[in-house]
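Single-structure report; data block below.
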Amino acid sequence: MPLERVFSAELIDKLTCTQELDLGGMIRNLSLPETSPIRQKSANSSMGRIDILPPEILLFILNLLDFQSLSRLSRVSRRAKATVEALVAYKELLEHAPDVLVALGKTRLLQYHSAALLRQTLRADRCVSCLHFGGFLLLPTCERVCFECLHQNYALRMTTLNMARKCFHLTNNHLKKLPILYSIPGTYGVMFHTMQYPPA
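The UniProt record's numbering puts the first residue of the sequence shown at 1, with every later residue one more than the last.
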């Protein structure tokens, strides 16, 4: 069967999200988690074996960790908490984009993107597809996208696991390696958007 017939535009439209309501728009008004203080039990505080690393290497490694791992590390000791909270990416994201972290946590994608990648992506302003202003964050891939590309670019669309398995002949091992976005209950939409459709 020719590849063009298998992946026709009509088939892709049927198997992926195309409606604005299905597309999800923007996730808003998520409650932010409370931070918990560490109670000091002794004056000594250690991060264990990673204490022997030079500070530059430790910070380099920590920037490669995802926020879920950083959060867990910060609960190990006072020193670990201070070290994690000293990371520029960690500080900036907690201060300027906590809703992104909450959305990634609620969709169970927090473990897939490093602190450095999240910071870099959120500081960028261009759509990964068309290079126009990218006002949205595509959570599964941690890429900036514009509304037009999010709505029209087939490469940015999502589908169910069963549909991906059928269309791409994926095994369970393949599926285990894919990031899965769990939906957050609610109704989402984008207010005041303009969209141009070609004449019929």
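By construction, the Cβ of each residue, glycine as well, lies at the ideal position given by its N, Cα and C atoms. It should be emphasised that the depicted structure is a prediction, and the values quoted were computed from it without experimental measurement.
Buried or exposed: where does Gly24 fall if 16 or more other Cβ atoms within 10 Å of its Cβ makes it buried?
Here Gly24 scores only 48 on pLDDT, less than 50, and its place in the model should not be relied on; the value that follows carries that caveat. Buried: at least 16 other Cβ atoms inside 10 Å.
Using alpha carbons as the reference points, say which of Lys106, Arg157, Asp51 lies closest to Arg79.
Answer by Cα proximity: Asp51.
Output needed for Leu65: all residues of its chain with C-beta closer than 8 Å, excluding positions within five of it in sequence on either side, in chain order.
The residues are Leu73, Ser114, Ala115.
From Leu21 to Arg49, what distance separates their C-alpha atoms?
Residue placement at Leu21 cannot be trusted, given a pLDDT of 42 that sits under 50; the coordinates are not used to answer.
Please report the distance separating the alpha-carbon of Leu137 from that of Leu53.
Taking the straight line joining both Cα atoms gives about 34 Å.
Where do the ends of the beta strand (DSSP E) carrying residue 202 lie?
Any answer about residue 202 is impossible in this case: the structure gives the chain only from 1 up to 200.
What distance in whole Å lies between the Cβ atoms of Cys142 and Gly134, which are believed to be in contact at a cut-off of 8 Å?
Actually they are not in contact, since the Cβ atoms of Gly134 and Cys142 sit about 12 Å apart, beyond 8 Å.
Run through the DSSP bridge pairs and tell me what Ser114 is partnered with.
According to DSSP, which records beta bridges pairwise, Ser114 is partnered with Asp66.
So that I know if they touch, is there some Cβ in chain C lying closer than 7 Å to that of Cys146?
Of the protein chains in the structure, only one exists, and it is not chain C.
Which residue marks the beginning of the beta strand (DSSP E) containing Leu101, and which one marks its end?
Note, Leu101: premise wrong, no beta strand (DSSP E); alpha helix (DSSP H) at 98-106.
Assuming the contact rule is C-beta atoms closer than 8 Å, Leu110 and Phe67 should be a hit. Round their C-beta distance to whole Å, please.
The Cβ separation is near 5 Å, so the contact holds.
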